[in-house]
Structures are given as C-alpha cells and as structure tokens.
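The next block holds one structure in the form of structure tokens; read it before the comments.
Residue numbers (the working numbering): 64 to 596.
Shown next as structure tokens:
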C-alpha cells in the first residue's frame, strides 16, 4: 500500500524533504519514478534512505538502475561466473488450469533458460500435475541443447490437479547426489518452482529447510490469482531463494532469467549472527559506541562505492560488508541500510532502547537542507521563444556565483539552464515549454567552490499566448451601446443608484376585446337593418 503513495511526478515529490524505501522491489517502481528519485536527490537536494530486506538491493533487482546510481553501495558480483557451475532444476506446473497462455509462456521461459546457461552448466526439468515426471534428466548441456529444446517444445497440460511436494522432493534428491566438475571450485545448486494453483499437502517447511541446509536455494513463482501465494512465499523464504508473483504473466520469461542471474551472482544476503563495527567520529551516529549496537541476524550483500562513508560494517564474510553507508549525491544525501527493520534480521533491535534515537539521527542527517539565508522570488512568463525564467533575490547573494536552474515538467522532461544577471537584482534564462502547466524549478549556485541548493519552487506556464494578456476593453463599442440605449459610459458608483429608472413600455394583446366589440357591432347592424327595412 505504501508504494502506491510514492509521488507520480517531480512536483509532488519536491514537497518532501526525505524519501525512504523500506524493503521495496524495483518492480514496484517504473522507470519514470526511478529517474525522478535520482533527479530529486541530485538537483533538488532531497534526502534518500534505502532499507534492506529480501525485496531490496540486489534481490530487488536494483543493479544498473538509477536507484543504484544514487546509492553509496553497488550490487556487483563478488565471484566471477566463470569459476562457478550452475546446477538448475526447473519444476513446471502442467495441471489443467495452466492451459493456454500460461503453459505457452512457461515453454518460452524454459527456452530462455536453456539459452542463458553455458555448456558446463547442468539443467533438469520436472513436470507435475497430480503426478510428476522427469522431462529432462539433470545433466551437462554441452551436447544436448537441441534435444532439451525439442522436449521443451512438447510440454503441454494434463488433466490432473496440483501436487507440488513429490516433484519438489524429487528435485532435492537429484541435486543432492549430483557432483560437479573438480575443475570448477564452486557449484550453485538452485531450484525454480512454477505453479498457478493450490496444492495437496506435504511437509514443505521441513523439505525447504533440507534444501537450504544442503547449500541449495529454492525460488518460487506464483502466477494467476489462484496460486498458493502464502505457501510459495513461505517455502522460498525457508529455501533461501526469492519469491516472484508477477502482476503481468507476460513477464514470466524475464522473471526466470532475473532469478537465475540472482542465483548466479553472489548470495544476495547473509543470514548469520553478526556484530557491527562502527566508524569513529561519525556525525550520523554521534553518541553511539560499538558496544551500544545490538547484533544482527542478516543483511543484504553490497559493496561500498569509492567516496562513500561506511558507518556500520560487518566482517561475517571476512571482508567489511556495509551495513550503514552514506554519501552526498549531487546536492542531496543518500543513505543505505542493508539490514531490515521488520524483525527477520533485526529482532534484537526492535526492543532496543535506543532504536528510535538511532533512526531519528539518520533521518535528520539525510533530510534536505535548503539555505534559509537566500530568499528568492521565482517566476516564469511565456514569450515567443518559449518561456523566460526570472529569479529575483530579496537580498544580495553574498559569495554566490554560477547560478543555474534545473527545470522539470510533470512528464519528467528535464532542462538545465544558466541564469544571467540582466539588470539590477534580476537573473534570467530562456527555456523551452513543450507543455503548459506546472513546472518545478530548482536554483543552485557555487559558494566557496561548493554547489549549494538555494531554492526549489513551482511556476505555472499559461496555455494562452501573450497576445491574450494584452487585450484592452473595447471602449468605442461600449460608448456606442451606452448612447444607443440612453445610458452613460463608465458612470461613477453613486450615479448608478441615483439615476431615475427609465419609463418602461410593455405591449399587451387586445384582440379579444376588439373581437367582442366587432361581434356586438355586427349583431346591432343586423338588428337595425331589419327594423328599418
């Protein structure tokens, strides 16, 4: 529900001094929103905090997005893929409810998987409805790609219901006994389970636990409204994998590939007890000591970028993994907290007496700070070339130079212009206006070789041309109307009420009276004629 409240345009977002994403997947944001967040931090000086969880950072598919660009941490791989061997088993639901588009997309996804894996990787495919069968035995792909693709092309739905447990147990047994190549030091044993319905019973919690304890991972994909979402989410969490529930089933092939890429890369999170090391003299955690910080049970794996300040770190993996990192991105502050705040990894933090103070210090440190010493009037007016931006300081801009403005419309179009001093007390710049309406303007300048945010404000660009604004009353026509009607042009206020009202004439119909009179005259005329004649 909270993600739906993220502003849809830059003008709405500019009203806030801080944006916090708590365990939010990138799938819940569109490209326009991610670009908007980047501009909000870089150009408006907005604060940004990302909090971890199984849907955040690399698990939330933020690698190579504008959000990763803003963050002080990156989500790259830690061990090259060439030193790994993927052992993958795909379980596909072929129950009767999968008929049609669902099974067609499942076939396409399986084909994508075959093309994604390398010759030395191993692939197995198991189909299930009420019963299960092995379509492709787990083995190296090198000389059997065509055979595997041919078998995938034959996948169709059956007539039975959905029985996941025996098929999942079969996949576990396959991976458990299969050994990899001695020349490849690291194996990745991974299971992807696709289903669209409710399943028969089984001890899923124990089986998923066995899978994770055997250094395997289990991801699940639920498609359609009838899928057993609660069960699939639960066993993927227990199996140390990812849970996917795409809102559009056409994304199914992409979901398969992104899940494999997550499994190929280093584990997206560490789930082991760990203690955080704290950097000395940190302003964001002023007053905290290492012994004050409770232990964590897990965190997302990231790597600090050059120039980032790592305030809290964990050496669980024998390297310093960032837990709390920050840096300045453009004009704004960006903070990454790689653990969660929901209790899965931070259960000992929730009852911590300093929990509120810890987060209040982070929030205050990250929030936008616009200089209150610089009061600016920002306006814009349409002209023949587009629009003219006018910035009028209410007081002298001491030690401020190189004034620039960044301008956005509500469709995300961004322009950057240099402000030129044209007359005493004014700075102006011409900019394009392909759309009318509200434009957001952020003014910044250089102070002691440092860029500072002076003010962010909205301006309205009218849809009407200037010619309409220059129209004057048609005095000649008004005077003629007053003369013709016997009135007065532009009378004084008191004269309006003192002038006696004119006589008013209203025509009335009298034909009825004349008709009666005519009838009486006609009867009289007839009577007189008879008497006299």
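We put the CB at the ideal spot given by N, CA and C, even for glycine.
Pull up the distance between the alpha-carbon of residue i and that of residue j, whole angstroms please.
| i | j | result |
| --- | --- | --- |
| residue 435 | residue 458 | Below a pLDDT of 50, predicted positions are generally treated as unreliable, and residue 435, at 49, falls in that range; the measurement from the model is reported next regardless. Each residue's alpha carbon lies about 12 angstroms from the other. |
| residue 468 | residue 506 | 4 angstroms |
| residue 245 | residue 226 | With a pLDDT of 44 at residue 245, under the threshold of 50, the modelled position of this residue cannot be trusted, and the question is left open. |
| residue 201 | residue 164 | 27 angstroms |
| residue 493 | residue 108 | 23 angstroms |
| residue 81 | residue 162 | 47 angstroms |
| residue 574 | residue 547 | 32 angstroms |
| residue 142 | residue 100 | The pLDDT assigned to residue 142 is 41, lower than 50, so where the model puts this residue is not dependable; a value taken from the coordinates is nonetheless given after this. Their Cα atoms are separated by approximately 31 angstroms. |
| residue 221 | residue 196 | 12 angstroms |
| residue 592 | residue 584 | 12 angstroms |
| residue 550 | residue 540 | 13 angstroms |
| residue 283 | residue 124 | 16 angstroms |
| residue 172 | residue 409 | 36 angstroms |
| residue 543 | residue 537 | 10 angstroms |
| residue 453 | residue 438 | 14 angstroms |
| residue 194 | residue 126 | 39 angstroms |
| residue 394 | residue 178 | 43 angstroms |
| residue 335 | residue 170 | 37 angstroms |
| residue 509 | residue 110 | 20 angstroms |
| residue 247 | residue 223 | Per-residue confidence for residue 247 stands at a pLDDT of 48, beneath the threshold of 50, marking its modelled position as unreliable; no derived number is given. |
| residue 267 | residue 332 | 22 angstroms |
| residue 304 | residue 207 | 28 angstroms |
| residue 391 | residue 289 | 46 angstroms |
| residue 366 | residue 138 | 6 angstroms |
| residue 450 | residue 479 | 14 angstroms |
| residue 338 | residue 269 | 29 angstroms |
| residue 276 | residue 399 | 30 angstroms |
| residue 460 | residue 431 | 21 angstroms |
From the options, pick the residue whose C-alpha is nearest to that of residue i; which is it?
| i | options | result |
| --- | --- | --- |
| residue 442 | 430, 475, 504, 486 | 504 |
| residue 85 | 473, 333, 404 | 404 |
| residue 499 | 479, 446, 481, 538 | 446 |
| residue 518 | 455, 343, 353, 483 | 455 |
| residue 516 | 465, 483, 343 | 465 |
| residue 372 | 345, 361, 380 | 345 |
| residue 285 | 258, 310, 270, 271 | 258 |
| residue 360 | 369, 378, 348, 350 | 378 |
| residue 374 | 511, 362, 389 | 389 |
| residue 263 | 272, 291, 586 | 291 |
| residue 287 | 76, 308, 586 | 308 |
| residue 514 | 462, 552, 210 | 462 |
| residue 260 | 295, 397, 271, 274 | 295 |
| residue 369 | 95, 136, 104 | 136 |
| residue 427 | 448, 407, 397, 440 | 397 |
| residue 104 | 76, 279, 297, 482 | 76 |
Would you list the one or two residues that DSSP bridges to residue i?
| i | result |
| --- | --- |
| residue 384 | 377 |
| residue 390 | 397 |
| residue 114 | 85, 400 |
| residue 477 | 471 |
| residue 510 | 513 |
| residue 197 | 189 |
| residue 440 | 455 |
| residue 539 | Looking at the DSSP assignment, residue 539 forms no beta bridge with any residue, so it has no partner. |
| residue 491 | 453, 483 |
| residue 283 | 256, 306 |
| residue 362 | 333 |
| residue 464 | 509 |
| residue 519 | 505 |
| residue 202 | 186 |
| residue 340 | 376 |
So residue i and residue j are supposed to be a Cβ contact under 8 angstroms. How far apart are they, rounded?
| i | j | result |
| --- | --- | --- |
| residue 251 | residue 312 | Rounded, the Cβ-Cβ distance is 27 angstroms, inconsistent with contact. |
| residue 376 | residue 386 | 6 angstroms |
| residue 315 | residue 302 | The pair is not a contact, with the Cβ atoms about 20 angstroms apart (cut-off 8 angstroms). |
| residue 190 | residue 204 | Wrong, their Cβ atoms sit about 19 angstroms apart, outside the cutoff. |
| residue 218 | residue 166 | 7 angstroms |
| residue 319 | residue 176 | 6 angstroms |
| residue 87 | residue 429 | Their Cβ separation, rounded to whole angstroms, is 17 angstroms, which puts residue 87 and residue 429 out of contact at 8 angstroms. |
| residue 470 | residue 501 | The pair is not a contact, with the Cβ atoms about 11 angstroms apart (cut-off 8 angstroms). |
| residue 199 | residue 188 | 4 angstroms |
| residue 153 | residue 255 | 5 angstroms |
| residue 149 | residue 253 | 7 angstroms |
| residue 352 | residue 340 | Between residue 340 and residue 352 the Cβ distance is about 11 angstroms, and since that is not below 8 angstroms, they are no contact. |
| residue 74 | residue 521 | 6 angstroms |
| residue 323 | residue 151 | 7 angstroms |
Does chain B have any CB closer than 9 angstroms to the CB of residue i?
| i | result |
| --- | --- |
| residue 203 | Here there is only one protein chain, and chain B is not present. |
Does at least one heavy atom of the ligand MN sit under 8 angstroms from the Cβ of residue i?
| i | result |
| --- | --- |
| residue 414 | As far as ligands go, the structure on display features none, and thus does not contain the ligand MN. |
Pairing CB atoms from the stretch 115-134 with CB atoms from the stretch 416-423, are three or more of them under 8 angstroms?
-> Taking 8 angstroms as the limit for Cβ pairs, the verdict is that the stretch 416-423 does not touch the stretch 115-134.
Please confirm if the stretch 89-97 is in contact with the stretch 66-80, defined as three or more CB-CB distances below 8 angstroms between the two stretches.
-> Judged by Cβ distances under 8 angstroms, the stretch 89-97 makes contact with the stretch 66-80, as three or more pairs qualify.
Kindly confirm or deny that the stretch 176-184 and the stretch 109-120 touch, where touching means at least three C-beta pairs closer than 8 angstroms.
-> No: the two stretches stay apart, fewer than three of their Cβ pairs being nearer than 8 angstroms.
Assess, as a yes-or-no matter, whether the stretch 474-492 is touched by the stretch 406-415 under the definition of 3 or more beta carbon pairs within less than 8 angstroms.
-> At 8 angstroms Cβ cutoff, the stretches do not touch.
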